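To start, the structure itself, in structure tokens.
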Amino acid sequence: QQVQSPVAVLRSWLWDVAKSWPVLLLALTTSFFLGYGYLFLLKCGARALTWGLMGLLVLLSVGIAAYCIGYVGNSQERAAAIFGSFSSHPLGLARTVGVVSGSLAVVLLAFVSYVFSSMKRAVGCVE
């Protein structure tokens, strides 16, 4: 096994970089344009993105709560089909998941109402 000096290894690395300049140039220009494109889209849609995600989280939590309590929680068969492999009491687990999800929706709504003005200012700064 041949041992190379650190200078030879460094020279080899620099030669590899010199040989791959077209790929590096393409990566640099692509990342530049994609980065500024992302910032432009963020500036245009920061408000919709922020409030849309918060609304989606609340709606998702409410939907899971309604599904688990209203649909699965009323049928032993449906609860066993969905939660049977996780618990020996699938109906209770379905109701528990529904209550926890509903509680999460309430906490998210409280959080959004508490930080509404701060989030509005932060989104305004981005825009």
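Using my numbering, the letters of the sequence shown correspond one by one to residues 173 to 299.
Beta carbons are placed, not taken as given, at the ideal position from N, Cα and C, and that holds for glycine.
Since the structure is predicted, the reported quantities are computational estimates derived from the model, not experimental observations.
| Item | Value |
| --- | --- |
| Do serine 275 and cysteine 240 have their C-beta atoms within less than 9 angstroms of each other? | no |
| Which first and last residues belong to the alpha helix (DSSP H) in which valine 269 is found? | 262-286 |
| Is DSSP giving valine 175 helix, strand or coil here? | coil |
| I'd like the span of the alpha helix (DSSP H) that includes glycine 209, first residue to last. | 193-238 |
| Taking buried to mean at least 16 other C-beta atoms within 10 Å of its own C-beta, is proline 262 buried or exposed? | buried |
| Of the residues Pro178, Cys216, Trp223 and Ser203, which one's Cα is nearest the Cα of serine 290? | Trp223 |
| Please classify phenylalanine 255 as buried or exposed, where buried requires at least 16 neighbouring CB atoms within 10 angstroms. | buried |
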